[in-house]
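Everything on this sheet refers to the single structure shown next.
Residue numbers (the numbering used here), protein chains in the order written: chain A, 83 to 208; chain B, 21 to 133.
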């Protein structure tokens, strides 16, 4: 069979992704976002360990609104990626594989992410 | 040794590194929360401690392995043109190796100065 003749339906605005699918694509997006944050993370880590001046500089940087915004995005990505990751690990060992429980754990993933993100926002901005 | 894209070994690396990083991050957050490093000296002593030094080094190695497997999967899913795929994969590899060298330079200055 010619692979190229298979119908392709990729109208993203018309695909109604189920809640489990949303966890899946968010896991991917958050992973990509976290990967993009690594150079910044290492830059701050390196600077903070280099000298007392560097340490003070990092403390100052952490107070800047721009970095706080990045940290907030990072907090969302990290909390979602970790929780969804634990969910996938559980599915790996056969916990929550059935449709109903997979949907339930997907909702729990979103709820926990919102909860942890709220805490992170309070820590970052207050 | 057989090198293939996909397969059981990368899958296993991804899982093991995930579990390790989860444990490390929980420990790290707890440590930051319970006894925040107040100044440079305290912060540096954290990472100069051999156990913490090693745990941090393993964390970063896990992180780079995890990112390699994860982004490799994403690249293989969305980039179908072979030369493009190859260039992007090689760039990712160079990027991750550079980051590894960078973070280990930082860690070694803590250990030996």
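Cβ coordinates follow ideal geometry from the N, Cα and C atoms, glycine included.
{"Item": "Exposure label - residue 29/B; buried when at least 16 CB within 10 Å", "Value": "exposed"}
{"Item": "Cβ shell of residue 122/B (< 6 Å), same chain only, five flanking positions each side left out", "Value": "none"}
{"Item": "Straight-line Cα distance separating residue 73/B from residue 128/B", "Value": "9 Å"}
{"Item": "Whole-angstrom distance between residue 87/B and residue 115/A, CA atom to CA atom", "Value": "11 Å"}
{"Item": "Whole-number beta carbon distance between residue 192/A and residue 113/A, since they are thought to touch under 8 Å", "Value": "With 8 Å as the limit, residue 113/A and residue 192/A do not qualify as a contact, their Cβ atoms being about 17 Å apart."}
{"Item": "Coil, strand or helix - residue 152/A by DSSP", "Value": "helix"}
{"Item": "Inter-residue Cα distance where the pair is residue 119/B and residue 111/A", "Value": "21 Å"}
{"Item": "Element boundaries [alpha helix (DSSP H), containing residue 124/A]", "Value": "101 to 132"}
{"Item": "Simplified DSSP state of residue 64/B, which is helix, strand or coil", "Value": "helix"}
{"Item": "Residue 124/A classed as buried or exposed, judged by whether at least 16 other C-beta atoms fall within 10 angstroms", "Value": "buried"}
{"Item": "Under 9 Å by beta carbon: chain A residues contacting residue 40/B", "Value": "None at all; the shortest Cβ gap to chain A is about 12 Å."}
{"Item": "Residue closest to residue 101/A, alpha-carbon to alpha-carbon, out of 185/A, 201/A, 203/A and 208/A", "Value": "185/A"}
{"Item": "Where the alpha helix (DSSP H) containing residue 91/A begins and where it ends", "Value": "Note, residue 91/A: premise wrong, no alpha helix (DSSP H); not H, not E."}
{"Item": "For residue 27/B, the three-state DSSP class (helix, strand or coil)", "Value": "coil"}
{"Item": "Distance CB(residue 172/A)-CB(residue 45/B) smaller than 9 Å", "Value": "no"}
{"Item": "Helix, strand or coil at residue 98/A [DSSP, three-state]", "Value": "coil"}
{"Item": "Closer than 9 Å to chain B by CB, residue 134/A", "Value": "yes"}
{"Item": "Where residue 100/B falls: helix, strand or coil (DSSP)", "Value": "coil"}
{"Item": "Within chain B, partners of residue 91/A - CB distance below 9 Å", "Value": "None at all; the shortest Cβ gap to chain B is about 17 Å."}
{"Item": "Test item: CB-CB of residue 92/B and residue 131/A under 9 Å", "Value": "no"}
{"Item": "Own chain residues within Cβ distance below 6 Å of residue 156/A, not counting five before or after", "Value": "119"}
{"Item": "Under the three-state DSSP convention, the category residue 190/A falls into", "Value": "helix"}
{"Item": "Under 9 Å by beta carbon: chain B residues contacting residue 124/A", "Value": "80, 119, 122, 123 and 126"}
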